[in-house]
Amino acid sequence: MRGAGNVAAVMIAVAVVGLSPARGEKPETHRTLRVEAHAQDITPTHLPCFVSGGYFNAKADKVHHRIYSRSLVETELALLEEISGGKRRDADETDGPYAQLVINSEPVAYWRLGEFEGDRALDRTGAGHHAKLEPMTAHYLTGPEGVGFCGPDVVNRCIHFEAGRLAADLPALGNEYSVELWFWNGFPNDARPVTAWLFSRGPEGDALARGDSVGINGTSGNAPGLLGIESGSKDQPELRGGPAIGPKTWHHLVFVRRGKHVELFLDGSAEPIVAGEAEIGYPAGCTRFYFGGRGDRAARLEGKLDEIAVYDRALAPAEVRMHYLQSDYPHTPSLADFRKMEEMLPKSAAATPQRQRKLLILDRANGFYHPTIPLANRAIQRMGERTAAFQTTLDHGYGMLTPERLAEFDAIVLNNTSNWTISDDQKKALLDFVRGGGGLMAIHGATWNFADWPEGQAMIGGRLAGHPWHDAGTWAVKIDEPDHPLCRSFGGEGFWIHDEIYKFTELCSRQRLRVLVSLDMTKEVNQVKGGREDNDHAISWIHEYGKGRVFHCSLGNNVAVFHDPRILRHHLDGIQWVLGDLAADATPSAKLDKKPRPALAPEK
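473 is the number of the first residue of the sequence shown in this note's numbering; add one for each residue after it.
Pasting the structure below:
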């Protein structure tokens, strides 16, 4: 993103200025330069923290400057780089678990607002609904904190609004829709009747301001700081609710309209803070949305917005809460975690492939996106490359669930897939693939799937019924069959693992499954409330489904799983079994003539 934009550029004699436009916010800098040029009537604190094509690692401790209404061209920017000794930093905004979950929730448009420059915000859905940024906005400020946005190694970025707005046209939206965003207000609540309108749907320049508007109340109605909804033409919110929003704090906000009923959810609240009836004030077929203001330009936001998503449906309260929780989920892997995982991967496969094998990884997750999904994807891909046991294809959607596409593969991995909503034809394609001799591996949250599809649950072998053994704990694990080909990596010893352990429905039974690994219930720490009556809690199993082979391992919520070479080898051996290359008996555990002696976890 190094091309010229159309934001106001700063022409400087010897270097580039790196001062933030947000009042009182310090710039991110790494070195100090003295800059001399001609002064104009603007304060340094309102200079953008970039110059057209990028963000420089430099700042001025004494600034005289000139503002131009054009962008600097690439030649000028290169010259500034040369003179200042600083380089523009390339944009590096990765999609963390929060962003992945929003994308999987299928919004009509999603603007992450992490751009360096330009007069538009890019729509991340792929639908091309890019939004227009008006002047008096500044890019690349620090956004809401949380590893869920971009991961632990990347600072989340946002846009600061001083007087401009973000405008977008979103066609085909009816009277049931939702708006989700993060906001930070920098304006006091005692300065004007409405502190700021955060977003609106309505015509441009409409003096009556007809349409939906959501804002922060100011001095009107003796309700400073309360969030409210205005759906007609008043100059203050009609429906208002708390708590009061203080300045310079980040908040997650979701507006939902279902016909004439409207709701506001704040910071993952299970119940709306505002709910009521509101007439539909925007004209029929209205496509225009504004963020950081409304159509009549009244009470524009002086603050920041980030992660704006618009949906053509009403988000459910549980979905709203899940999105909020995803923003700072604690088990998001860092770059160091990926590197450590690579060091722990097996260097060779237990079996020589009978032929070239092709493995499909599907990781579409709805309702919750496990942050370890990318780590598991990478582990499987690298195991295939390193051992030459298989080739991988990764897909994030449902498009591969056709007989023709699935026929290209020997096996499928369901990597933490959850809450799938697939058609009957897609269900049939998946069942027929496995029944016809294909392999299936399911990781952790894959059993949080197929709630209304019993055949899909039976195919995997179980259905999640809770996780009494929470992700902050360390739990004792026993190896039920130390000599089984898929368990040899454990060396005949049980172990302890820092992970989230699932409880499964009675469908998960030794009468149907060959249980390989389970919780060691001889250890007192594992005796928690919420277990099954039989006190038998499988972790890893295999079974045959028609002519196909299914391997499941419920470990995988926490990063620690992917730093354990025993579990990584267990995964590889399981994959080779479902591919048909590693021989192993899948007779259900309860039907074995000779019961194996399990290896318990050592005493702590």
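Note that beta-carbon positions come from the ideal geometry of N, C-alpha and C, so glycine has one too.
{"Asked": "Considering only their Cβ atoms, is the gap separating N887 from I833 smaller than 7 angstroms?", "Found": "yes"}
{"Asked": "Check for me: the alpha helix (DSSP H) holding N576 runs from which residue to which?", "Found": "P569 to N576"}
{"Asked": "Just the C-alpha distance for T844 and G713, rounded to the nearest angstrom, thanks.", "Found": "37 angstroms"}
{"Asked": "Please confirm whether G839 and N891 have their CB atoms less than 7 angstroms apart.", "Found": "yes"}
{"Asked": "Spell out a yes or no on whether the region 995–1004 and the region 1022–1033 are touching, meaning 3 or more CB-CB pairs, one atom from each, closer than 8 angstroms.", "Found": "no"}
{"Asked": "Identify, in the order they occur along the chain, each residue of the same chain with its Cβ nearer than 8 angstroms to the Cβ of G869, setting aside the five sequence neighbours on each side.", "Found": "R836"}
{"Asked": "Does the structure place the region 610–624 close enough to the region 667–682 that three or more beta carbon pairs sit under 8 angstroms?", "Found": "no"}
{"Asked": "At the level of alpha carbons, what is the spacing between D1053 and G775?", "Found": "59 angstroms"}
{"Asked": "Only counting runs of 3 or more residues, tell me where the beta strand (DSSP E) segments fall wholly within the region 955–986, in order along the chain.", "Found": "967–970"}
{"Asked": "Less than 7 angstroms between the beta carbons of M913 and I745, yes or no?", "Found": "no"}
{"Asked": "Could you check where the beta strand (DSSP E) with K776 kicks off and where it finishes?", "Found": "G775 to Y783"}
{"Asked": "In whole angstroms, give me the CA-to-CA distance for Y649 and D1065.", "Found": "59 angstroms"}
{"Asked": "Is the distance from the Cβ of C917 to the Cβ of H1015 below 7 angstroms?", "Found": "The sequence given here places Gly at residue 917; Cys does not occur at that position. Contact: no."}
{"Asked": "Relative to the alpha-carbon of F810, which residue among Y796, W941, I780 and R850 has its alpha-carbon at the smallest distance?", "Found": "R850"}
{"Asked": "Mind checking H795: buried by the 16 CB within 10 Å criterion, or exposed?", "Found": "buried"}
{"Asked": "Please state whether DSSP places Q863 in a helix, a strand or coil.", "Found": "strand"}
{"Asked": "Here's the rule I'm using: 16 or more other beta-carbon atoms within 10 Å means buried, otherwise exposed. How should S895 be labelled?", "Found": "exposed"}
{"Asked": "Taking DSSP as the reference, what is the three-state secondary structure of L711?", "Found": "strand"}
{"Asked": "Is it the case that the Cβ atoms of R854 and L817 are separated by a distance below 7 angstroms?", "Found": "yes"}
{"Asked": "Taking the Cβ atom as the reference point for each residue, do R592 and R584 lie within a distance shorter than 7 angstroms?", "Found": "no"}
{"Asked": "Residues in its own chain within less than 8 angstroms of H723 by CB, not counting five upstream and five downstream?", "Found": "W654, F655, W656, I717, L738 and D739"}
{"Asked": "Using a Cβ-Cβ cutoff of less than 7 angstroms, which residues in the same chain neighbour I1039 once the five nearest sequence positions on both sides are dropped?", "Found": "L1027 and V1033"}
{"Asked": "Quick check: A1073 and F967, are their CB atoms within less than 7 angstroms of each other?", "Found": "yes"}
{"Asked": "Is the beta carbon of G964 sitting closer than 7 angstroms to the one on A1071?", "Found": "yes"}
{"Asked": "So, A848 versus L873, is the Cβ gap smaller than 7 angstroms?", "Found": "no"}
{"Asked": "Between L711 and G748, which are expected to be in contact by the criterion C-beta below 8 angstroms, what is the C-beta distance as a whole number of angstroms?", "Found": "5 angstroms"}
{"Asked": "Do the region 569–582 and the region 595–610 make contact, defined as three or more Cβ pairs closer than 8 angstroms?", "Found": "yes"}
{"Asked": "Compare the C-alpha of E865 against each of P616, R829 and L605 and name the closest.", "Found": "According to the sequence displayed, residue 865 carries Thr and not Glu. Checked all of P616, R829 and L605; the closest Cα to T865 is R829."}
{"Asked": "So what's A603 in DSSP terms, helix, strand or just coil?", "Found": "strand"}
{"Asked": "On the three-state DSSP scale, how would you describe R766?", "Found": "coil"}
{"Asked": "Given a threshold of 16 other Cβ atoms within 10 Å of its Cβ, counted over all protein chains shown, does G765 qualify as buried or as exposed?", "Found": "buried"}
{"Asked": "Assuming G909 contacts G1020 under a Cβ cut-off of 8 angstroms, what Cβ separation, rounded to an integer in Å, is found between them?", "Found": "6 angstroms"}
{"Asked": "Leaving out the 5 sequence neighbours to the left and right, which residues in its chain are closer than 6 angstroms to A644 when beta-carbon positions are compared?", "Found": "none"}
{"Asked": "Reducing DSSP to helix, strand and coil, say where M931 ends up.", "Found": "helix"}
{"Asked": "Judging by CA-CA distance, which residue of G677, I688, H601 and P675 is the nearest neighbour of T1079?", "Found": "It is not possible to answer for residue 1079, since the shown part of the chain is limited to 473 through 1076."}
{"Asked": "Who are the near neighbours of H1035 in its chain, counting only those whose CB is closer than 8 angstroms to its CB and skipping five residues on each side?", "Found": "D809, K812, M813 and M816"}
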